[in-house]
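**Student:** Numbered as in the numbering used here, the sequence shown ends at 444 without a single skipped number. Don't be surprised by glycine CBs; every beta carbon is placed ideally from N, CA and C. Mind looking over this structure? Questions follow.
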Amino acid sequence: MIGRASILTYGCQMNEADSSDIAVALRDAGYSLTASWEAADLVVMNTCAIREKAEDRIKGTLGQLRAVRARRPWLVVGVMGCMAAQSSEYLEQEADFVIPPVQAARLREVLAGLPPPPGLGEEAGDLPPLQMEQETDFKRYLPIIRGCNYRCTFCVVPNTRGPEANEPAELLLAETERMSEAGVLEITLLGQTVNAYQHGDWDFARLLDTMARRHPHVAFRFLTSHPRDFTPQVIEAMASNANVMPYLHLPLQSGSDSVLRRMKRLYTMAQYESIVSAVRDAVPDVALSTDVICGFPGETEEDFQLTLDAMRRLRYDSAFMFYYSERPGTPAVKLGEKVPIAARKERLARLIELQKSIQLEVNQREVDREQRCLVERVSKRDPEIMLARTPGNKSLLLRAPQATIGSWQRVQVQRADSFTLYGERVGA
Ligand code: SF4
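The following block contains the structure:
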């Protein structure tokens, strides 16, 4: 080993999958991975630029790393991920290398050129090893598309990750085969617009259906779908394969057609709702989640009321809700009629309050039902309580031995709150 390296991952599942590749590159270069970034010789920050808040957090950590560098002057700091794609004097000053997502392969070159840190590996073994989400041997992410061809006016992704690049289907099928043989229990297909997948004769529905049929013992999920690319064939693949989990993340963003137009989302509320109806008809137990932005430029109180109405009608199982955050370089920056920050925050609070009450009702319906859940890890508060995930992607807490981690268990749901189900194990 030539030194200790740490990876700090921010943002979405795509970044988690990318961090897994970063980990392999670091290990190949001779680094051991540690969770203790304050004591590492090399820290790679895999960043997110989707909202100002995320960037502020990352800048805060860079400030802390500056203080660490005063004690350990050989410390190397690298910035990757979406923030690295935006030219920034600040990052150039704070980091030793900056690699945007489209050039991620450059990391190996950069690592090869770094001088080895002093005191090689003296404290090896003293530091907690890095456990990465993607590294569980039973649950994996598989990116099938990188980048995005849409131009939603609020979003930095087309700038930071570039246009869509689809992985060849043969490679993806071979990788799925390898994961299945290695005992992976759940594979999540990833893409910013995962259902836009197209490579030769292969579209997303065919890929999903083929994978699910070839590996009936593997559970499949997919993230994130764009309503405009949602075809009846995808619904058919979900309905006809019991191992495609009944869970759909379908970003709504706004319930107002005029806001959707200004966001350039390219669908109307009516089109969105007809997809949801079709999915719910074909997969009656499907759990639905979404993303919503409130306070987008020009959003009136009436527009916002349409979003609240949509949430009441659609009754999501969960929702990621944010107030609009202005991102440099995005078209929405140039739109007039900015909603004051205080109003954005106030709308968000109302939205969260409503969704919380809907989620409570939706989750209460799960009580007394039996679910087959994948046990993922020990809960944060009690070593005898495990955190599992239901087919609908809900967190479920149950009392079970740690040996159940990485296995499917049948669980009777006993109670539920807005965010969590609580259950008792009734069998394997
Ligand atoms: S579909 Fe829109 S929101 Fe999603 S990544 Fe592409 S540009 Fe961003």
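(1) Is V427 helix, strand or coil by DSSP?
(2) If we count the other Cβ atoms within 10 Å of its Cβ and call it buried at 16 or more, is D398 buried or exposed?
(3) Could you give the C-beta distance for S270 and M279, rounded to a whole number, given that I count them as a contact under 8 Å?
(4) Quick one: complete beta strand (DSSP E) runs, 3+ long, within the stretch 328-356?
(5) Could you check where the alpha helix (DSSP H) with P248 kicks off and where it finishes?
(6) For R393, does the three-state DSSP call read helix, strand or coil?
(7) Can you give the Cα-Cα distance for P407 and R156, rounded to whole angstroms?
(8) Looking only at DSSP bridge pairs, what is L239 linked to?
(9) Where in the stretch 18-96 do unbroken runs of the alpha helix (DSSP H), each at least 4 residues long, occur, reported from the N-terminal end onward?
(10) Let's see if you can read the secondary structure: which residues bound the beta strand (DSSP E) around I309?
(11) Can you give the beta carbon distance from L187 to L158, rounded, assuming they're within the 8 Å contact cut?
(12) Figure out for me which residue from N175, L127 and T152 has the closest Cα to the Cα of G163.
(13) Would you tell me roughly how many angstroms separate the C-alpha atoms of A70 and T25, rounded to the nearest one?
(14) Leaving out the 5 sequence neighbours to the left and right, which residues in its chain are closer than 6 Å to F338 when beta-carbon positions are compared?
(15) May I ask you to check if the CB of V349 is nearer than 8 Å to at least one heavy atom of ligand 1?
(16) Would you kindly check if the distance between the Cβ of P144 and the Cβ of S52 is under 9 Å?
(17) Should T436 be listed as close to ligand 1, given that the test is whether its C-beta is under 8 Å from any heavy atom?
(18) In three-state DSSP terms, what is T436?
(19) Measuring only from the beta carbon, is V210 closer than 8 Å to any heavy atom that is part of ligand 1?
(20) If distances are taken between C-alpha atoms only, which option among E202, D72, G216 and R85 comes closest to R343?
(21) Could you tell me if E197 is buried or exposed, where buried requires 16 or more neighbouring beta carbons within 10 angstroms of its beta carbon?
(22) Please list the segments of the alpha helix (DSSP H) lying wholly inside the stretch 139-204, counting only runs of 4 or more residues, in order along the chain.
(23) If we call anything under 9 Å between Cβ atoms a contact, is L304 one with H242?
(24) I'd like to check one pair, G422 with C389: are the Cβ atoms closer than 9 Å?
**Tutor:** Result, derived from the coordinates:
(1) Reading the sequence shown from its first residue, position 411 is the one you call residue 427. Here DSSP, grouped into helix, strand and coil, assigns V427 to strand.
(2) Along the sequence shown, one-based indexing puts residue 398 at 382. Looking at its Cβ environment, which holds fewer than 16 other Cβ atoms inside 10 Å, D398 is exposed.
(3) Along the sequence shown, one-based indexing puts residue 270 at 254. Along the sequence shown, one-based indexing puts residue 279 at 263. With a Cβ gap of about 7 Å, S270 and M279 count as contacting.
(4) Listed in chain order, they are 334-339.
(5) By one-based count along the sequence shown, residue 248 stands at place 232. It spans P248 to S256 - the alpha helix (DSSP H) in which P248 sits, taken as one unbroken run.
(6) Here residue 393 corresponds to residue number 377 of the sequence shown, with the count starting at 1. Strand.
(7) Within the sequence shown, residue 407 is the residue found at index 391, counting from 1. Within the sequence shown, residue 156 is the residue found at index 140, counting from 1. Taking the straight line from one Cα to the other gives about 16 Å.
(8) The residue given as residue 239 occupies position 223 in the sequence shown. Answer is L206.
(9) 29-44 and 68-87
(10) Along the sequence shown, one-based indexing puts residue 309 at 293. Residues A303 to C310.
(11) Along the sequence shown, one-based indexing puts residue 187 at 171. Along the sequence shown, one-based indexing puts residue 158 at 142. That belief does not hold up - the Cβ atoms of L187 and L158 are roughly 10 Å apart, past 8 Å.
(12) For the purposes of this step, residue 163 is taken as the residue at position 147 of the sequence shown. Minimum Cα distance to G163 is reached at N175.
(13) Within the sequence shown, numbered from 1, the residue matching residue 70 stands at position 54. Within the sequence shown, numbered from 1, the residue matching residue 25 stands at position 9. Each residue's alpha carbon lies about 11 Å from the other.
(14) Counting from one through the sequence shown, the residue named residue 338 turns up at place 322. Excluding residues within five positions, the ones whose Cβ falls inside 6 Å are I309.
(15) Translated into the one-based positions of the sequence shown, residue 349 becomes position 333. Every heavy atom of ligand 1 is 8 Å or more from the Cβ of V349, so no.
(16) By 1-based counting over the sequence shown, the position of residue 52 is 36. By 1-based counting over the sequence shown, the position of residue 144 is 128. Against a cut-off of 9 Å, the Cβ pair of P144 and S52 comes out as a contact.
(17) Here residue 436 refers to the residue found at position 420 when the sequence shown is read from its first residue. No, Cβ of T436 sits at least 8 Å from all heavy atoms of ligand 1.
(18) The sequence position of residue 436 within the sequence shown is 420, counting from 1. Correct three-state label for T436: strand.
(19) Residue mapping note: residue 210 aligns to position 194 of the sequence shown, counting from 1. Not so, every heavy atom of ligand 1 lies at least 8 Å from the Cβ.
(20) As a first step, residue 343 is located in the sequence shown; it is residue number 327 there, counting from the start. Answer by Cα proximity: D72.
(21) As a first step, residue 197 is located in the sequence shown; it is residue number 181 there, counting from the start. So E197 counts as exposed.
(22) 173-177 and 185-197
(23) Taking the first residue of the sequence shown as position 1, residue 304 is located at position 288. Taking the first residue of the sequence shown as position 1, residue 242 is located at position 226. Taking 9 Å as the Cβ cut-off, L304 and H242 do not qualify as a contacting pair.
(24) Residue numbering aside, residue 389 sits at position 373 when the sequence shown is read from its first letter. Residue numbering aside, residue 422 sits at position 406 when the sequence shown is read from its first letter. Cβ atoms of C389 and G422: not closer than 9 Å.
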